[in-house]
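A.B. asks:
In the numbering used here, the protein residues as written are 3 to 205.
(1) Where residue 157 and residue 111 are concerned, what is the direct C-alpha to C-alpha distance, given to the nearest angstrom?
(2) Is residue 4 helix, strand or coil by DSSP?
(3) For residue 6, I'd like the list of residues in its chain whose CB is within less than 6 angstroms of its CB, leaving aside the five on either flank, ordered along the chain.
(4) Considering only the beta carbon of each residue, do residue 11 and residue 108 sit closer than 8 angstroms?
(5) Is the region 136-145 touching the region 110-124 in the sense that three or more CB pairs, one from each, lie closer than 8 angstroms?
(6) Starting from the C-beta of residue 42, find all residues in its chain whose C-beta is less than 8 angstroms away, skip the five residues before and the five after it, and write them out in chain order.
(7) Curious, which full-length alpha helix (DSSP H) runs of at least 4 residues does the region 128-200 contain?
(8) Please identify the residue among 150, 162, 159, 101 whose C-alpha is closest to the C-alpha of residue 134.
(9) Taking the alpha-carbon positions, what's the residue 129 to residue 136 distance?
(10) Around the Cβ of residue 203, are there at least 16 other Cβ atoms within 10 angstroms (buried) or fewer (exposed)?
(11) Would you mind working out which of 61, 45, 93 sits nearest residue 185, comparing C-alpha positions?
(12) Excluding five sequence neighbours on each side, which residues of the same chain lie with their C-beta closer than 6 angstroms to the C-beta of residue 93?
(13) Check the C-beta distance from residue 113 over to residue 35 and give it rounded, since I have them as a contact under 8 angstroms.
(14) Check each candidate in 88, 151, 120, 66 and name the one with the smallest Cα separation from residue 159.
(15) According to DSSP, is residue 33 part of a helix, a strand, or is it coil?
(16) Does the distance from the CB of residue 188 to the CB of residue 177 come in under 8 angstroms?
(17) Answer with buried or exposed for residue 15, where buried requires no fewer than 16 other C-beta atoms within 10 angstroms of its C-beta.
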């Protein structure tokens, strides 16, 4: 349950992120996948993460402090085509450095648009996470925008693809920022990650 959520800081440099002294979970996905909307829905704060109709709005690492206890992080979207190559490479380096070096990161949620067939860019990113040992789970977004059967079909197809890459499919959640679908399950899962991290610190 999220009772309090506040913006802490935005960074272009992972080494300037807040001190890694508490559990941290991060959200990432292709541009315009509904990341900011989902963060706002999870925290019940409409304007917490900036949403935009224009892809590529999030260009920094944004830290939010949740319940004065753990960090939720909004990462830049990947695969945004309409920026120059240098800028794009800069973002990618920033994201990769953050994901590999952030020692208090206990979960990364990769957002997938449930309306689409499996996309190579998402599968490539997941494969990168797997090879780098980044703990990733899937969050399928925008499930309210189509029939349940269409969502199920696309989710199933995507999971089949991940099973080709890994021995088993990752944890996954089907969500809608509009209807609140999947919100409680996702928050429960995050709470477990945070508790697990904290018990590791205390043991």
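The C-beta atom is built at its ideal place from N, Cα and C for all residues, glycine as well.
C.D. replies: Straight from the coordinates:
(1) 15 angstroms
(2) coil
(3) 69
(4) no
(5) yes
(6) 48, 49, 50, 51, 53, 179
(7) 150-167
(8) 101
(9) 10 angstroms
(10) exposed
(11) 45
(12) 78
(13) 4 angstroms
(14) 120
(15) coil
(16) yes
(17) exposed
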